[in-house]
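Undergrad:
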Amino acid sequence: MNTAICRVESGKIDTEIIQRAGKIISEGGLVAFPTETVYGLGGDAFNPESSRKIYAAKGRPSDNPLIVHICREEDLAKLVCEVPEKAQKLMEAFWPGPLTLIMNKKEEVPLETTGGLNTVAVRLPSDEVARAFIQAAGGYVAAPSANISGRPSPTCGKYVKQDMDGRIDMILYGDDSNIGLESTIVDMTGDVPMILRPGYITKSMIEEVIGVIEMDQTILDDNSKAVPKAPGMKYRHYAPKGQLVVVEGESSSVIEYINTQVIKDRAEGYKTGVISTSRNIPMYKAELILDAGDLEKQQEIAHRLFTILRTFDDENVDRIYSESFADDGLGTAVMNRLLKAAGHNVVVI
Ligand code: TXA
Ligand code: MG
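So the sequence shown is numbered by my numbering: it starts at 5 and just counts up by one.
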């Protein structure tokens, strides 16, 4: 398939291109588009055939539901039976933005889109290009992240092209994603809302608006016997091709451990890499040392993580070691993605 790659810029949106993209969706095709979190791979949420095509393009298991993206709050009415009061409050506080809410779906929403579930995940993104595109597409765009299943979510057009060129009809090649991690997902169907995937909107930000909520216990703890409630969270994910190990402990011991491993790996002919906080960069001996940012600047680390994981792939690094980061606030989302990328391969020293 020939994929049209069209440059778009927020601030001066080319309406002709957006209309073309919208038409592709209405006709059952697929278009990748930028959002403030990561790039999405969109199809018509009400067209079961489009959802099937999304699963095929990503190589994604079809029991893994898609998020439906809308561009106006009132459009929610066509998707869900009722909006719980707490959901309403969260929408007022955080929409448009990086928050996805799960509610009971209306019958008209195809099961192909919701992975066979009777609930639907809905998000109203803040990104201008995303919203113009969703509107041009008829208002309901089902979209997972625009990566091949299992790879890190794409945070820039280059990575979307790497994974999707030849598999979909069009890529809206826009700016890099501001946030760089996928949206926070909250299940609103139970008595107490539950975070199924941590993101930029943190637990405490949500609790300030609606009071106490729960957090799926599998988010950071791989040993818990429970199965994640978001079907997508059970898959190994975000994984670079090289073997990734997270090293936890006091800073100087972590550096020493990683350097010892790096020397051993190199002797065995492996190309080595390290994910380091800014201040420790000069301390490492690996071939490729990537800067995750300042330990105190969680937004910076969140913004860089997926690009870092992809860069190791681009450079064919075989053995990657990462420092561990704080797991509070936005750090919960960072550590959730990092531990998944490492297949929960953690060394505590
Ligand atoms: O930021 C984001 O959310 C990005 C952008 C493109 O909007 N999208 C995204 O979609 O990350 P995806 O498909 O890569 O991840 C969606 C997650 C999956 O883990 C899926 O299992 C879960 O949401 N999910 C979707 N609908 C659900 C439902 N009804 N119940 C439980 N989990 C659901
Ligand atoms: Mg994804």
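Ideal Cβ positions, reconstructed from N, Cα and C, are used throughout, including at glycine.
Taking all protein chains shown into account, do 16 or more other C-beta atoms lie within 10 angstroms of the C-beta of S255, making it buried, or fewer, making it exposed?
TA: exposed
Undergrad: May I ask you to check if the CB of S328 is nearer than 6 Å to at least one heavy atom of the ligand MG?
TA: no
Undergrad: Go ahead and label V84 buried or exposed: buried means 16 or more other beta carbons lie within 10 angstroms of its beta carbon, across all protein chains shown.
TA: buried
Undergrad: To the nearest whole angstrom, what separates the beta carbons of D322 and P244, a pair I think is in contact under 8 Å?
TA: The Cβ separation is near 10 Å, so there is no contact.
Undergrad: Leaving out five residues on either side along the sequence, give the residues of the same chain with a beta carbon under 7 Å from the beta carbon of P68.
TA: Looking at the sequence itself, residue 68 is Asn, so the reference to Pro does not match. Only G119, P235 and G236 meet the Cβ criterion.
Undergrad: Is the CB-CB distance between L299 and G277 below 7 Å?
TA: no
Undergrad: Hey, out of P114, T315, I28 and G26, whose CA is closest to R56's CA?
TA: P114
Undergrad: Leaving out the 5 sequence neighbours to the left and right, which residues in its chain are closer than 7 Å to S153 when beta-carbon positions are compared?
TA: K62, G63 and R64
Undergrad: How would you label H307, buried or exposed, when you count the other beta carbons within 10 angstroms and need 16 or more for buried?
TA: buried
Undergrad: Measuring alpha carbon to alpha carbon, tell me which of D48, R76 and L334 ends up nearest V35.
TA: D48
Undergrad: So is the beta-carbon of N68 under 6 Å away from any non-hydrogen atom of the ligand TXA?
TA: yes
Undergrad: Indicate whether at least one CB of chain D lies closer than 7 Å to the CB of Y261.
TA: You won't find chain D in this structure, because it holds only one protein chain.
Undergrad: Please list, in chain order, all residues of the same chain as R135 whose beta carbon is under 6 Å from its beta carbon, the five residues on each side excluded.
TA: Within the same chain, R135 has close Cβ partners C75.
Undergrad: Touching or not, the region 163-173 and the region 138-146, by the rule of three or more beta carbon pairs under 8 Å?
TA: No, because fewer than three Cβ pairs between the region 163-173 and the region 138-146 fall closer than 8 Å, the two stretches do not touch.
Undergrad: Near K238, what residues of its chain come up, given a Cβ to Cβ distance below 7 Å and the 5 sequence neighbours on each side ignored?
TA: V231 and P232
Undergrad: Is G216 buried or exposed, if buried means 16 or more other CB atoms sit within 10 Å of its CB?
TA: In the sequence as displayed, the identity of residue 216 is Val instead of Gly. By the 10 Å Cβ count, V216 comes out exposed.
Undergrad: Excluding the five sequence neighbours on either side, which residues of its own chain have a C-beta within less than 7 Å of the C-beta of P102, listed in chain order?
TA: E40, T41, I183, S187, T188, G203, Y204 and I205
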